Amino acid sequence: MNKTIRHTAVFTLLLVFALLVRATWVQFHDSKALAEDKLNKRNAIKTYGNPLGDIIVAGESITGSKRTSGGDLAYKRTYKNGPLYSSVTGYSSQVYGATQLEGIYKDLLDGSDNRLKNPLDTLTNKRADPGDVVTTIDPAVQKAGYKALGDKKGAAVAIDPKTGRILGMVSTPSYDPSKISGSNDGDAWKALTGDEDKPMVNRALRQPLPPGSTFKLVVAAAALEDGLYDSVDQKTDSPDPWTLPGTRTSIPNEVKSAPCENASLRTALQWSCNNVFTKLAVDLGQDKLRAQAEKFGFNAEKLDVPVRAGVSLYPKGMDKASTGLTGIGQFDVTATPLQMAMVSAAIANGGELKSPHMVSKTTTADGDVLNDYDEDTDSERVVSESTADQLASAMQSVVEKGTATNARISGATVGGKTGTAQHGENNSKTPYAWFTSYAKGSDGKEVAVAVIVESSGAARSEVSGNGLAAPIATAMMRAALR
Numbered sequence: 266m267n268k269t270i271r272h273t274a275v276f277t278l279l280l281v282f283a284l285l286v287r288a289t290w291v292q293f294h295d296s297k298a299l300a301e302d303k304l305n306k307r308n309a310i311k312t313y314g315n316p317l318g319d320i321i322v323a324g325e326s327i328t329g330s331k332r333t334s335g336g337d338l339a340y341k342r343t344y345k346n347g348p349l350y351s352s353v354t355g356y357s358s359q360v361y362g363a364t365q366l367e368g369i370y371k372d373l374l375d376g377s378d379n380r381l382k383n384p385l386d387t388l389t390n391k392r393a394d395p396g397d398v399v400t401t402i403d404p405a406v407q408k409a410g411y412k413a414l415g416d417k418k419g420a421a422v423a424i425d426p427k428t429g430r431i432l433g434m435v436s437t438p439s440y441d442p443s444k445i446s447g448s449n450d451g452d453a454w455k456a457l458t459g460d461e462d463k464p465m466v467n468r469a470l471r472q473p474l475p476p477g478s479t480f481k482l483v484v485a486a487a488a489l490e491d492g493l494y495d496s497v498d499q500k501t502d503s504p505d506p507w508t509l510p511g512t513r514t515s516i517p518n519e520v521k522s523a524p525c526e527n528a529s530l531r532t533a534l535q536w537s538c539n540n541v542f543t544k545l546a547v548d549l550g551q552d553k554l555r556a557q558a559e560k561f562g563f564n565a566e567k568l569d570v571p572v573r574a575g576v577s578l579y580p581k582g583m584d585k586a587s588t589g590l591t592g593i594g595q596f597d598v599t600a601t602p603l604q605m606a607m608v609s610a611a612i613a614n615g616g617e618l619k620s621p622h623m624v625s626k627t628t629t630a631d632g633d634v635l636n637d638y639d640e641d642t643d644s645e646r647v648v649s650e651s652t653a654d655q656l657a658s659a660m661q662s663v664v665e666k667g668t669a670t671n672a673r674i675s676g677a678t679v680g681g682k683t684g685t686a687q688h689g690e691n692n693s694k695t696p697y698a699w700f701t702s703y704a705k706g707s708d709g710k711e712v713a714v715a716v717i718v719e720s721s722g723a724a725r726s727e728v729s730g731n732g733l734a735a736p737i738a739t740a741m742m743r744a745a746l747r
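With positions in the sequence shown counted from 1, the corresponding number in my numbering is that position plus 265.
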């Protein structure tokens with residue numbers, strides 16, 4: 266054979282072999298990744314080729330599907346009261362994918378979940394009828410929080426302490442997922458993603474911020490659990506004024522006339538005495554404080570409700586002055602409203618924290634239960650029953666005769682803690698207003714709520730947890746106890 270022809274033949278065979286290897290690699294190694302690629306239009310055709318299953322609130326669908334006028338995508342997602350529930354549902358878009366419950370339960374809602382198929386469907390690879398997601402949300406609580414937040418920038422979470430069921434989850438400003446569910450919504454998407462107020466961010470779950478004085482509940486819990494003080498009514502060793510160790514920084518109290526010198530934990534919570542809690546943090550030390558905070562849920566990398574929550578942080582590697590500042594929820598301490606609602610829920614539930622969740626169950630199209638998350642709820646003892654009872658009593662004093670009088674509800678037992686967290690370098694920006702609380706009705710109903718107001722338009726001097734955040738929590742608590 267001619268040498269040139271032989272070389273050409275060998276080279277051609279090598280090219281064919283390389284193509285076979287590449288085709289085999291793509292078929293068996295890359296196929297799953299390619300099939301799941303968000304740019305693969307076949308996925309969208311499969312998802313939106315038929316009506317989707319629904320997300321349910323109190324027996325009513327808050328989602329739907331609408332027939333499109335043409336193209337490969339036969340249906341698009343619709344939402345009832347979209348802005349009210351967007352922090353629960355997320356969105357399902359023909360172009361931009363799906364988030365939150367829409368994303369987590371995508372296979373269930375589009376019928377591709379293998380658990381939905383009967384034996385014949387499995388053999389024929391037929392798409393099964395889609396399933397539904399049943400939430401724990403109480404529409405009255407959700408509406409109360411959304412209305413009370415109004416045009417403020419903030420968030421609120423309400424939890425049933427006895428079950429961990431999330432009764433309300435609100436984030437404002439909000440958005441309507443229906444406006445980005447189709448295939449020609451580029452302008453709406455650009456407007457939403459470019460909005461400086463970030464309406465698509467779920468502030469209730471995904472935006473940890475300094476919790477301010479609401480974190481004092483965690484510090485008080487650590488002091489009682491450690492035995493540093495035996496009772497919330499025992500006097501503490503707390504000079505007023507008190508200077509942070511190694512500095513010339515004297516810690517001021519918000520209410521100048523408050524009886525904060527050597528105040529008991531009850532009085533210190535009632536008047537939000539900064540000198541008491543910064544010194545408590547130093548006396549306990551950062552390791553003990555971090556351990557107690559982590560029992561409540563801080564530093565948890567995987568807190569799923571089932572949407573993944575942002576990490577609420579209690580830091581490491583601090584000097585004594587920085588540790589002192591963490592005692593009042595400053596320095597690098599951050600928390601989500603979900604996290605601070607968990608703190609109040611554990612205290613209200615005798616020291617036992619039920620895992621928070623906003624999905625009750627998933628079902629087939631016929632209503633058969635696939636997963637029952639209410640039955641599978643985990644619980645963890647965070648503090649002793651004695652500590653929880655004492656803190657709950659102290660929180661009642663805050664509402665009855667302290668800094669949270671706006672949270673009073675006739676005929677109910679209410680406990681709370683206000684917070685005003687510094688914002689910006691040297692507190693140059695408007696502070697955040699916080700409130701965390703619980704309420705118990707005479708009929709046994711209970712609820713724990715946390716609220717943050719990031720921005721309200723109020724003058725800086727008018728920003729307070731009692732003035733801005735407590736009325737929002739109160740509206741949600743009333744709705745839960747109705």
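Heads up, the beta-carbon is just placed ideally off N, CA and C, and yes, glycines get one too.
Values in this document were obtained by computation on a predicted structure and should not be read as measured data.
Using a Cβ-Cβ cutoff of less than 8 Å, which residues in the same chain neighbour residue i once the five nearest sequence positions on both sides are dropped?
i: Thr-642; result: Thr-428, Gly-429, Lys-619, Ser-620, His-622
i: Lys-341; result: Tyr-313, Ser-330, Lys-331, Thr-333, Gln-359, Ser-446, Gly-447, Ser-448
i: Pro-696; result: Gly-477, Thr-685, Ala-686, Gln-687, His-688, Arg-725, Val-728
i: Ser-296; result: Note on Ser-296: pLDDT 48, under 50, position unreliable in the model; no value is reported.
Looking only at its chain, what residues have a beta carbon closer than 7 Å to the beta carbon of residue i, apart from the 5 residues adjacent to it on each side?
i: Val-547; result: Pro-510, Lys-585, Thr-588, Gly-589
i: Pro-464; result: Pro-438, Ser-439, Tyr-440, Leu-457
i: Ala-523; result: Trp-536, Cys-538
i: Ala-486; result: Gln-557, Val-648, Thr-652, Leu-656
i: Thr-628; result: Gly-396, Asp-397, Val-399, Val-634, Leu-635
With 16 other CB atoms within 10 Å as the buried threshold, where does residue i fall?
i: Asn-467; result: buried
i: Asn-379; result: exposed
i: Ala-300; result: Caution is warranted here: a pLDDT of 46 is assigned to Ala-300, below 50, making its placement in the model unreliable, and the coordinate value is therefore given only provisionally. Exposed, since its Cβ has fewer than 16 Cβ neighbours within 10 Å.
i: Asp-505; result: buried
i: Thr-652; result: buried
i: Phe-282; result: exposed
i: Thr-739; result: buried
i: Pro-517; result: exposed
i: Ala-421; result: buried
i: Lys-391; result: exposed
i: Gln-604; result: buried
i: Thr-269; result: exposed
i: Thr-273; result: exposed
i: Val-634; result: exposed
i: Glu-235; result: Limits of the chain in this structure are 266 at one end and 747 at the other, which puts residue 235 out of reach.
i: Leu-746; result: buried
i: Gln-235; result: The requested residue 235 is not part of the displayed model; the chain covers only 266 to 747.
i: Arg-271; result: exposed
Since residue i is in the alpha helix (DSSP H), which residue starts that stretch and which ends it?
i: Leu-635; result: Note, Leu-635: premise wrong, no alpha helix (DSSP H); beta strand (DSSP E) at 634 to 637.
i: Ala-686; result: First-last for Ala-686: 677 to 688, but that is the beta strand (DSSP E), not the alpha helix (DSSP H).
i: Ile-737; result: 735 to 746
i: Glu-727; result: Note, Glu-727: premise wrong, no alpha helix (DSSP H); not H, not E.
i: Ala-630; result: Segment: none, Ala-630 is in no alpha helix (DSSP H) and carries neither H nor E.
i: Gly-314; result: Segment: none, Gly-314 is in no alpha helix (DSSP H) and carries neither H nor E.
i: Glu-640; result: Where Glu-640 is concerned, there is no enclosing alpha helix (DSSP H), given that its DSSP letter is neither H nor E.
What residue range does the beta strand (DSSP E) around residue i cover?
i: Pro-524; result: Taken as a continuous stretch (DSSP letters only), Pro-524 belongs to no beta strand (DSSP E), as it is neither H nor E.
i: Lys-553; result: No beta strand (DSSP E) contains Lys-553, which is instead part of the alpha helix (DSSP H) from 551 to 561.
i: Tyr-344; result: 340 to 344
i: Pro-696; result: 694 to 706
i: Lys-619; result: 617 to 619
i: Ile-674; result: That residue, Ile-674, is in no beta strand (DSSP E); it is neither H nor E in DSSP.
i: Gly-347; result: Segment 347 to 354 is the alpha helix (DSSP H) holding Gly-347; no beta strand (DSSP E) there.
i: Met-434; result: 431 to 437
Taking residue i as the reference, which of the options has the closest Cα?
i: Glu-640; options: Lys-626, Gly-362, Asp-460; result: Lys-626
i: Val-483; options: Gly-592, Thr-601, Gly-396, Asp-394; result: Gly-592
i: Asn-731; options: Leu-549, Pro-571, Glu-519, Gly-492; result: Glu-519
i: Pro-316; options: Thr-343, Thr-678, Gly-335, Gly-336; result: Thr-343
i: Ala-528; options: Trp-507, Thr-512, Thr-514; result: Trp-507
i: Lys-705; options: Gln-365, Arg-531, Pro-395, Met-660; result: Met-660
i: Ile-737; options: Ala-309, Val-406, Glu-367; result: Val-406
i: Ala-669; options: Ala-735, Gln-595, Gly-355; result: Ala-735
i: Lys-345; options: Ala-339, Gly-355, Gly-336, Asp-337; result: Gly-355
i: Ile-424; options: Gly-632, Ala-610, Ser-436; result: Ala-610
i: Arg-646; options: Ala-363, Lys-560, Tyr-370, Gly-676; result: Lys-560
i: Ala-469; options: Val-541, Met-607, Gly-550; result: Met-607
Within a Cβ cutoff of 6 Å, which residues of the same chain sit near residue i, ignoring the five residues on either side of it in sequence?
i: Thr-401; result: Arg-430, Ile-431, Met-623, Ser-625
i: Ala-323; result: Pro-404
i: Ala-558; result: Val-483, Tyr-579
i: Thr-479; result: Met-605, Lys-682, Gly-684, Trp-699, Thr-701
i: Ser-721; result: Lys-417, Leu-733
i: Asp-319; result: Ser-326, Thr-328, Asp-397
i: Asp-337; result: Ile-310
So is residue i in contact with chain B if we call contact Cβ pairs under 8 Å?
i: Asp-633; result: No chain B is present in this structure, which holds just one protein chain.
3 or more residues per run - each beta strand (DSSP E) lying fully within the region 367 to 427: 397 to 400, 418 to 424
At what residue ranges does the region 463 to 513 contain a whole run of the alpha helix (DSSP H), taking only runs of 4 or more? Secondary structure within the region 463 to 513: the alpha helix (DSSP H) runs of 4 or more consecutive residues, fully enclosed, are 468 to 471, 481 to 491 (chain order).
Sequence ranges, alpha helix (DSSP H) only - wholly within the region 561 to 625, length at least 4: 585 to 591, 602 to 613
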